[in-house]
Structure formats: C-alpha cells, structure tokens
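Input: a single structure, listed below in structure tokens.
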Amino acid sequence: MTKSLTIRRPDDWHLHLRDGDMLRAVLPHTAAHFARAIIMPNLVPPVVTGAQAAAYRDRIMAALPRDADFTPLMTLYLTEDTDPADVAAAHAAGLIHAVKLYPAGATTNSASGVANFDNVSKTLAKMAEIGLPLCTHGEVTDPSVDIFDREAVFIDRVLDPIRRSHPDLRVVMEHITTSDAVDYVKSSTANLAATITTHHLVINRNHILAGGIKPHYYCLPVAKRESHRLALRAAATSGDARFFLGTDSAPHTDANKLLPCGCAGCFTATNTMSILAEVFEQDGALDQLEAFTSLNGPGYYGLPVNDATLTLTRQAPSYPPHIDTPDGPVTVFDPDMPLNWSVA
Ligand code: DOR
Ligand code: ZN
1088 MTKSLTIRRP DDWHLHLRDG DMLRAVLPHT AAHFARAIIM PNLVPPVVTG
1138 AQAAAYRDRI MAALPRDADF TPLMTLYLTE DTDPADVAAA HAAGLIHAVK
1188 LYPAGATTNS ASGVANFDNV SKTLAKMAEI GLPLCTHGEV TDPSVDIFDR
1238 EAVFIDRVLD PIRRSHPDLR VVMEHITTSD AVDYVKSSTA NLAATITTHH
1288 LVINRNHILA GGIKPHYYCL PVAKRESHRL ALRAAATSGD ARFFLGTDSA
1338 PHTDANKLLP CGCAGCFTAT NTMSILAEVF EQDGALDQLE AFTSLNGPGY
1388 YGLPVNDATL TLTRQAPSYP PHIDTPDGPV TVFDPDMPLN WSVA
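For the numbering used here, count along the sequence shown from 1 and bump the result up by 1087.
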C-alpha cells in the first residue's frame, strides 16, 4: 500500500481570494500548498483594467505570509466596455494570464458581466490573436432555463457560437459540472480545456437538498445529479491533459452563507489536496493526481511546471471545521468522508 506520494507542487487554476481582511485570512491556506493560482477578478468593483489587476496583485503580494512561495496569476473581468488594447498591453506586460467571462447576473458579483456577447467580439478577436485564454463561467442566465440545465444550454447557445466565430480563441470552461461539458471538451480538437473543482468531484445535488438544506454545499454552477459527478470523476482521474484542477474555493462568512438568500461558494483551499488524494485513491488513480493538479494546467497555460514538490503521507489529517476571519468564521468544505492523506 502506497504510504507516501510526492508530486510536483500543485497550482490552482481557479481561485477566489477576495480583498482586505478576507484576503489576508484565506491566502495563507492556498499559499501553504499551491505554487500559483489563477485569481478570479469578481471583486466589488470588479478588476476590469490592467491597472486594477496590477494594484490587486500588489495587495495579494502584501498579504502573503513572509515565508510563502506563491505567485498570483491575474485575470481581467470582461465587460462590454473592455478595451482590447488594454487587455493586450496587460498580457504583453506579463501581468494577466486570462480574461474571465461572467454572463451578467450568473453568479456572485457578475452584475458588470456580459449581457450581449456580440459586444465583446473585438476583445475576443484580440485575445485569439495574442493567445490569451478566455475563462468562462458557463451558465446561461435566462430565467426560463432550469438551473440544473444552465451549463448544458450555455454550451449550445453561447460557447459553441463563440468558438465557431473565434476558432483560434483558447478557452477554459471553468468549474464544469456536467457530462455534457466533459463530452464537449473531449469532442474538441484544439483550444479547449476545463477546470474541475474539488467539491464537484465529491458532492451531487442530494448533498445539498436531501435530509435538510445544506447551504455550505451550495455553489454555482450548482452540483448536479450523480451521473454527472461520475463523469467529472472519470475526466479528472483519466490523465487527459484537457482537464485540470481549479478549486473555485470561494470564501463567504457563515453569516452570508446561512441567510434566507445565502451566497454561493464552497471554501476548499484548506483541505483540497487531502480530499483529492482520497478521491483519486478511491478511483485507483493516485498515479494521475499529479497530472490533474500539477502538470495539465501549466501545459494548457503555456507555463513551466513547478520545480518544487509536495508530499502527501498516508495519515488522517485534521482540519479545522472553519477558519476565523475578522468578518466572522468561514466554514471549511466538509467532504463527508474520512480522509486518509495529509500534506507533509
Ligand atoms: O459558487 C460560486 N462562488 N460560484 C461562482 O461562480 C462565484 C463564486 C464566488 O465568487 O463566491
Ligand atoms: Zn469561481
């Protein structure tokens, strides 16, 4: 029985760090295990310009623990007023690594997102030209579409038309939750990859709704039925280079999660590596963990893999049920299963 596993240091290709006190509280949890992360720009107000991304990067660097070895990979929040020249300049300066598309109203702080996709065509054309990836929150916002169908409908109505108009555009489908998305990625011949979260490998919609409502399992896109979770597990553990980890770790205080209209997001930065080791071992795929967490992402983003390593040992970890922040406690995602791997 494998007792210890050493892999290249992982990266998180989709992370919410927030700002201010929350940033200072959550960043050490990511920096403890991850070398780099793609930083989501959905602050209030959002990170829209290169100058805003540079200032946010500086705030993240200032919030890092002294001994940390962590590089934030910045992104811009796409709006209908985004200036393609500003995007290109921020990319050329090495400041940004992706642009994030939020359909307006799809999720937390997405009000400034895109309502009319024709209005971002010039920016997408520029991104295709310079090879800058587009990260998509893949859900339609049409209220007549069932929330469990919004990802599949987004692929048909929004994503596929965008990719046909801009075949050279490199796209990352973020936090995929359906077999439809897995199949769409697999059917592509180029310029398409997907991130998968830790929690979507573990929970299905029963975890949210059966036996009482569990707000801490509510995120967007919402977890789907079991067959979809199994498709995600198969994709993540397959070694297919088009699938890699993006935790979507999204801290909200308990006070904001436990409202009559609670916030979407699971906070997984703290225990993700232990959970993933468990998931991959359950599926007989521990040998593919490194590809998912440490190799496939840099491959798609055209970055070197990390030189440093991370070692997991077979030992039950102990994680706090929540972390303290000046704004109140943030609950750490409960995988609802025993964990057997600790980060050494
Ligand atoms: O669950 C989510 N939380 N999904 C998102 O798309 C946004 C995120 C957040 O920022 O809280
Ligand atoms: Zn997210």
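Backbone N, C-alpha and C define an ideal beta-carbon position, used for all residues, glycine too.
Within the continuous beta strand (DSSP E) that includes residue i, where are the two ends?
i, result
"residue 1124", "1123-1126"
"residue 1401", "1396-1401"
"residue 1374", "Note, residue 1374: premise wrong, no beta strand (DSSP E); not H, not E."
"residue 1088", "Here residue 1088 belongs to no beta strand (DSSP E), and DSSP marks it neither H nor E."
"residue 1159", "1158-1164"
"residue 1286", "Careful: residue 1286 lies outside any beta strand (DSSP E) and carries neither H nor E."
"residue 1101", "1099-1102"
Spatial neighbours of residue i within its chain, please: CB distance less than 8 Å, with the 5 preceding and 5 following residues excluded, ordered by chain position.
i, result
"residue 1174", "1137, 1163, 1183, 1186, 1210, 1213, 1214 and 1219"
"residue 1416", "1340, 1341, 1409 and 1410"
"residue 1385", "1098, 1391, 1392 and 1393"
"residue 1278", "1250, 1254, 1255, 1256, 1257 and 1258"
"residue 1428", "1092, 1360, 1361, 1364, 1365, 1368, 1399, 1400, 1401, 1402 and 1404"
"residue 1421", "1303 and 1408"
Put residue i into one of helix, strand or coil per three-state DSSP.
i, result
"residue 1424", "coil"
"residue 1260", "strand"
"residue 1209", "helix"
"residue 1273", "helix"
"residue 1114", "helix"
"residue 1305", "coil"
"residue 1224", "coil"
"residue 1429", "strand"
"residue 1145", "helix"
"residue 1297", "coil"
"residue 1244", "helix"
Ignore the nearest five residues each way along the sequence and tell me which others in residue i's own chain have a CB closer than 6 Å to its CB.
i, result
"residue 1155", "1118"
"residue 1200", "1189, 1190 and 1191"
"residue 1307", "1194 and 1351"
"residue 1171", "1209, 1210 and 1213"
"residue 1237", "1226 and 1227"
"residue 1328", "1383 and 1386"
"residue 1343", "1350"
For residue i, report the span of its alpha helix (DSSP H) as first-last.
i, result
"residue 1186", "Note, residue 1186: premise wrong, no alpha helix (DSSP H); beta strand (DSSP E) at 1183-1188."
"residue 1249", "1247-1252"
"residue 1173", "1171-1179"
"residue 1239", "1237-1241"
Please work out which residues of its chain come closer than 7 Å, Cβ to Cβ, to residue i, disregarding the five sequence neighbours upstream and downstream, and give them in chain order.
i, result
"residue 1240", "1227 and 1232"
"residue 1120", "1097, 1360, 1397 and 1430"
"residue 1414", "1108, 1109 and 1340"
"residue 1266", "1314, 1315 and 1318"
For the ligand SAM, is there a heavy atom less than 6 Å away from the beta-carbon of residue i?
i, result
"residue 1351", "With respect to small molecules bound, the structure shown includes the ligand DOR and the ligand ZN and not the ligand SAM."
Could you tell me whether the Cβ of residue i comes closer than 7 Å to any Cβ of chain B?
i, result
"residue 1354", "Going by chain labels, chain B is absent from the structure shown, which holds only one protein chain."
Quick one: which unbroken beta strand (DSSP E) runs of 3-plus residues sit fully inside the stretch 1312-1389? Chain order, please. 1330-1332
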